[in-house]
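Asks: Sequential numbering of the sequence shown, starting at 789, is according to our numbering.
Below: one structure in structure tokens.
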Amino acid sequence: MSPLKDLFLYLSKSSIIQKFLSTSGPCKIIPRRFISGETLSVGIIIARELNKQGFLVTLDNLGESVTNKDQAISATQEYLNIIRAISTPPNPDVIPKEATSFGTITSSLKLTQLGLALEYQLCLENIREIMQEAKKSNNRVTIDMEDSPYTERTLNIYKTLLKEGFSTLGIVIQSYLKRSESDIRNLVPLGPRVRLCKGAYKEPSTIAFARKKDVDKNYLHLLSILFSKDALEKGAYPEVATHDEKIINWTSALVKKNNIPAEQFEFQMLYGIRRDLQQRLVKQGYRTRVYLPYGTHWYPYFMRRLAERPANLWFILKNLCYR
Ligand SMILES: Cc1cc2nc3c(=O)[nH]c(=O)nc-3n(C[C@H](O)[C@H](O)[C@H](O)COP(=O)(O)OP(=O)(O)OC[C@H]3O[C@@H](n4cnc5c(N)ncnc54)[C@H](O)[C@@H]3O)c2cc1C
789 MSPLKDLFLY LSKSSIIQKF LSTSGPCKII PRRFISGETL SVGIIIAREL NKQGFLVTLD
849 NLGESVTNKD QAISATQEYL NIIRAISTPP NPDVIPKEAT SFGTITSSLK LTQLGLALEY
909 QLCLENIREI MQEAKKSNNR VTIDMEDSPY TERTLNIYKT LLKEGFSTLG IVIQSYLKRS
969 ESDIRNLVPL GPRVRLCKGA YKEPSTIAFA RKKDVDKNYL HLLSILFSKD ALEKGAYPEV
1029 ATHDEKIINW TSALVKKNNI PAEQFEFQML YGIRRDLQQR LVKQGYRTRV YLPYGTHWYP
1089 YFMRRLAERP ANLWFILKNL CYR
């Protein structure tokens, strides 16, 4: 891991810098490239704009690692608001017709935002309430994957809710974790919707691949399991969440070779990253979903984006200077 990447991931956990940047007025423009705005209504406006351009969207209310029950309940309420807002039928003229059946706008959440670090049962009850609301409109929700102390509990909650019949729930798996192959193989019989990403946290080399080359290799290996005939027949829905062109090209070649229909998988990228590539995929007719965050708790999310590409810092400083 590069020293700068290390530094940004270390800073992403610093509550002092978080407090300073989040409360200082001028700093509010810092995260704009990656975040739609502070409120749900702004998030929805930008999501609908993206829909007009042919993108699917997943909305994320920024927040993680809440420290008390009230915060967890308030985050749950916000997700209920999101689901109600995105379940309202949009103007049919602006939405690609074929998009409506598989979630033009969906939502993504972090379990520590719903209280996982405080109490497992509280978190389970909160996400169950969200899924009960989502079920009414057949709305898809995806559980993001956080750092490794939460992996096992996150998977347990996902499996519990799938078994309770919340089939529109999906999960993220990270290719940098050595356990992920076994996790995916355990999930395949359940016909899971899996968003596969490389992984954005600092993890020890005892449990995670340290070299990028190995993370990428494992990504392709995990994709080949998710795209296998057996997994697709069981109902797996692979979501290829990366900006890595090599992996995207590899996936395109795989689906062509195996005649996998375009509606059996999707590509996903983060808002503000590789827009050129996002547009190219839409033009090529692939389902392409943009992960669109909104909210005031942008600091840890933003620092992880800097860790992925420290050069983003210069771009942001340049923008600040030219204001
Ligand atoms: C939809 C989605 C959901 C995600 N959810 C999670 C999650 O739940 N848990 C988790 O741990 N991680 C999550 N991630 C983040 C992910 O793990 C990676 O950290 C991130 O996607 C960067 O890796 P990459 O696959 O793009 O490949 P990389 O090899 O890191 O990057 C490939 C290329 O993409 C571009 N790029 C990548 N990152 C940036 C950036 N920040 N700024 C500018 N350009 C960039 C560069 O051109 C780079 O060369 C998610 C990613 C996506 C797309």
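In this text, a Cβ means the ideal position worked out from N, Cα and C, and glycines have one as well.
Where in the region 1004-1031 do unbroken runs of the alpha helix (DSSP H), each at least 4 residues long, occur, reported from the N-terminal end onward?
Replies: For the region 1004-1031, whole alpha helix (DSSP H) runs of length 4 or above, ordered along the chain, are 1017-1021.
Asks: Going by Cα to Cα distance, which pick from Cys911, Asn839, Thr894 is closest to leucine 902?
Replies: Nearest C-alpha to leucine 902: Cys911.
Asks: Per DSSP, what are the beta-bridge partners of cysteine 985 in this structure?
Replies: Per DSSP, Gln962.
Asks: Taking all protein chains shown into account, decide if serine 896 is buried (16 or more other Cβ within 10 angstroms of its Cβ) or exposed.
Replies: When all chains shown are included, serine 896 counts as buried.
Asks: Measuring alpha carbon to alpha carbon, tell me which residue in Thr900, Leu1014, Asp794 is nearest serine 970.
Replies: Selected option, being the one with the closest Cα: Leu1014.
Asks: For leucine 868, which option in Leu847, Val854, Asn839 has the closest C-alpha, if you only look at C-alpha atoms?
Replies: Taking only the C-alpha atoms, the option nearest leucine 868 is Leu847.
Asks: How would you call alanine 1041, buried or exposed, if buried means at least 16 neighbouring beta carbons within 10 angstroms?
Replies: Looking at its Cβ environment, which holds fewer than 16 other Cβ atoms inside 10 Å, alanine 1041 is exposed.
Asks: Rounded to whole angstroms, what is the Cα-Cα separation between proline 819 and arginine 1092?
Replies: Proline 819 and arginine 1092: Cα-Cα distance of roughly 12 Å.
Asks: Using 7 Å as the cut-off, classify the Cβ of lysine 990 as near or not near the heavy atoms of ligand 1, replying yes or no.
Replies: The answer is no for lysine 990.
Asks: Taking C-beta to C-beta, are serine 1112 and tyrosine 1059 nearer than 8 Å?
Replies: As displayed, the chain neither begins before 789 nor continues past 1111, which places residue 1112 out of reach and without an answer.
Asks: Are there any heavy atoms of ligand 2 lying less than 7 Å away from the beta-carbon of threonine 1030, as far as the coordinates show?
Replies: Among the ligands modelled here, namely ligand 1, ligand 2 does not occur.
Asks: Between which two residues does the alpha helix (DSSP H) holding tyrosine 1059 run?
Replies: Counting along the chain, tyrosine 1059 falls outside any alpha helix (DSSP H), and DSSP gives it neither H nor E.
Asks: Under 7 Å from any heavy atom of ligand 1, does the C-beta of asparagine 1006 make it?
Replies: Because no heavy atom of ligand 1 lies under 7 Å away, the Cβ of asparagine 1006 does not count as near it: no.
Asks: Please report the distance separating the alpha-carbon of threonine 994 from that of serine 853.
Replies: Looking at the two C-alpha atoms, the distance is approximately 24 Å.
Asks: Just mark phenylalanine 997 as buried or exposed, buried being the case when its beta carbon has 16 or more other beta carbons within 10 Å.
Replies: Buried.
Asks: From valine 1028 to glycine 987, what does the alpha carbon distance come to, in whole angstroms?
Replies: Going by the C-alpha atoms only, they are around 13 Å apart.
Asks: Is the Cβ-Cβ distance between valine 1043 and phenylalanine 843 less than 8 Å?
Replies: Contact flag unset, no.
Asks: When DSSP builds the beta bridges, which residues end up paired with arginine 1077?
Replies: Note: arginine 1077 sits in a beta bridge opposite Leu844, Gln1056.
Asks: Does the distance between the C-beta of tyrosine 938 and the nearest non-hydrogen atom of ligand 1 fall short of 7 Å?
Replies: No, ligand 1 has no heavy atom inside 7 Å of this Cβ.
Asks: Just list the residues that DSSP pairs alanine 835 with in beta bridges.
Replies: In the DSSP output, where bridge partners are listed per residue, alanine 835 has none listed.
Asks: Quick check: threonine 956 and asparagine 914, are their CB atoms within less than 8 Å of each other?
Replies: Their beta carbons are not under 8 Å apart, which means threonine 956 does not touch asparagine 914 by this criterion.
Asks: Run the proximity test for tyrosine 1079: is its beta-carbon closer than 7 Å to any non-hydrogen atom belonging to ligand 1?
Replies: Answer for tyrosine 1079: yes, Cβ within range of ligand 1.
Asks: So what does DSSP say about serine 790, is it helix, strand or coil?
Replies: In the structure shown, serine 790 sits in coil (DSSP, three-state: anything other than H, G, I, E or B).
Asks: Within 7 Å: the Cβ of lysine 986 and any heavy atom of ligand 1?
Replies: Checking the Cβ of lysine 986 against ligand 1 gives yes.
Asks: My output table needs one value for leucine 1125: the three-state DSSP class, helix, strand or coil.
Replies: Within the shown structure, residues of the chain are numbered from 789 to 1111, placing residue 1125 beyond reach of any answer.
Asks: For lysine 898, count neighbouring C-beta atoms within 10 Å of its own C-beta (all shown protein chains included) and say buried if the count is 16 or more, exposed if not.
Replies: Counting Cβ neighbours within 10 Å, lysine 898 comes out buried, since at least 16 surround it.
Asks: Please determine, among Ile833, His1009, Asn1100, the residue with the shortest C-alpha to C-alpha distance to isoleucine 1061.
Replies: Isoleucine 1061 has its Cα closest to that of Asn1100, out of Ile833, His1009, Asn1100.
Asks: Who are the near neighbours of alanine 860 in its chain, counting only those whose CB is closer than 8 Å to its CB and skipping five residues on each side?
Replies: Closer than 8 Å at Cβ, skipping near neighbours: Val854, Gln901, Leu902, Gly903, Leu906, Leu910, Cys911, Asn914.
Asks: Would you give the residue range spanned by the alpha helix (DSSP H) that serine 875 belongs to?
Replies: That run of the alpha helix (DSSP H) goes 857-875.
Asks: Which residue spans inside the region 905-955 form an unbroken alpha helix (DSSP H) run of at least 4?
Replies: The qualifying runs are 908-924, 939-951.
Asks: For the alpha helix (DSSP H) that contains threonine 1039, what are its first and last residues?
Replies: Taken as a continuous stretch (DSSP letters only), the alpha helix (DSSP H) holding threonine 1039 covers 1033-1045.
Asks: If I follow the unbroken alpha helix (DSSP H) through threonine 811, where does it start and stop?
Replies: Taken as a continuous stretch (DSSP letters only), the alpha helix (DSSP H) holding threonine 811 covers 803-811.
Asks: Assuming isoleucine 918 contacts isoleucine 871 under a Cβ cut-off of 8 Å, what Cβ separation, rounded to an integer in Å, is found between them?
Replies: The pair is a contact, with the Cβ atoms about 7 Å apart (cut-off 8 Å).
Asks: Look at methionine 933 and valine 960 and say whether their C-beta atoms are less than 8 Å apart.
Replies: A contact, by the Cβ cut-off of 8 Å.
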